[in-house]
Structure formats: C-alpha cells, structure tokens
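Be aware that the sequence shown starts at 1, since it is given in UniProt numbering, and climbs by one per residue. Idealized CB from N, CA, C, for every residue including glycine. The structure under discussion appears below in the form of structure tokens.
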Amino acid sequence: MPIDIDDIESELEAAEDAFRFGGQTAETGLDVADAGLVQLRKACRSLTGADQLLESGYYTLTIEAAFTSIEKTFLFWLIDEGHQDPSNPPQSHTTAIKRSEEVGFLSQPVATRLEELWVENRAQTYYQDGIATEERATAIIALANRIHHQIINLTGVRHEYLCN
C-alpha cells in the first residue's frame, strides 16, 4: 500500500513550514553575509561532522560529509575569487571541481581524478552499490582536510576558519 497523505500530513506540513518561514534559530557561525564564507564554514562543519561520524562508526555518512566538504571548499574558492556567482548555485556535485579546472586552479589530471573519485565512489557508497569502510572513510577525510587547509592557506582567510 502506498504512503498516503494521512500517514505523514502533519510532519510534511511542519517540514514545509520550517523551510518556508524565517525567524528560526540559525546554526552558530554561519550567520555571515559573505556567500563564500558561508561555503567555507559549511565545509568546516562537514569536516567536523565527518570526524565525529567516523569515531562513531558511521562510514557511509562520513564519506558523504567528506565529499561535501571538498565540494564546498572549492565552491568557497570559486566565489572568493569571483569565478562563481553565488546566486547561481552549481547544478551538480562535481561542478565546483570542473569549474576550478576551467579557471586554472586545478590541473586537468587532478580535476579528472577528483571527479572520478566522486563519481565512482561517493555515488557508489551513497547508494550502497559500494561498501563504506573505515579505511575509505579515513582516506577521504584526510583528502578533504588536505584540500581544505591548502585552500585556506592560499586565500589567507585563516581568521575565518572555524573548523574544530
């Protein structure tokens, strides 16, 4: 039997209202006007969350959060350098990687390998075609941290760095 509106109506309405209306309690640290810094801080939060999830043994979510951090870190750089209009969000998860290559920030071999890593593993793990393991989660967090710190050092925004 399919899910009927009677089964979820009150929760669906509450979720719709929560996303529709303002005046809510925002996540601390994300209340900045600069769209690039919002992406940087979201990347930080994703990394912090990934570390906590790894410690708890949630490898699928760890991998997801680490890939999200990579995407948001590149998006921060693109916005910060004027290569991405923040009012026109990327249309796919690999757009920030592709765009970073187009503007010369990533070499073609690095961009290709990052995109392949995303396509072949993030999607596979997320949809459970691939198995999330502690080793995979640990490796992708290390990569996400390296990219994140490299970009922070290159842009000189260490004072905006909120990662734990």
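Residue range of the unbroken alpha helix (DSSP H) whose run includes residue i
i           : result
residue 49  : 35 to 55
residue 79  : 59 to 80
residue 138 : 134 to 155
residue 109 : 108 to 117
residue 120 : Taken as a continuous stretch (DSSP letters only), residue 120 belongs to no alpha helix (DSSP H), as it is neither H nor E.
residue 87  : Segment: none, residue 87 is in no alpha helix (DSSP H) and carries neither H nor E.
residue 9   : 5 to 20
residue 95  : 95 to 102
CB contact flag (residue i, residue j, <8 Å)
i           : j          : result
residue 65  : residue 82 : no
residue 144 : residue 47 : yes
residue 54  : residue 62 : yes
residue 71  : residue 96 : yes
residue 77  : residue 93 : no
residue 86  : residue 35 : yes
7 Å CB neighbourhood of residue i in its chain, flanking five on each side removed
i           : result
residue 51  : 141
residue 68  : 46
residue 147 : 70 and 73
Buried or exposed by the 16-neighbour rule on C-beta atoms within 10 Å, applied to residue i
i           : result
residue 20  : exposed
residue 15  : exposed
residue 38  : buried
residue 151 : buried
residue 24  : exposed
residue 154 : exposed
residue 41  : buried
residue 79  : buried
residue 91  : exposed
residue 107 : exposed
residue 26  : exposed
residue 18  : exposed
Spatial neighbours of residue i in its chain, beta-carbon cut-off 6 Å, leaving aside the 5 residues before and after
i           : result
residue 114 : 97
residue 132 : 59, 60, 63 and 125
8 Å CB neighbourhood of residue i in its chain, flanking five on each side removed
i          : result
residue 11 : none
residue 57 : 134
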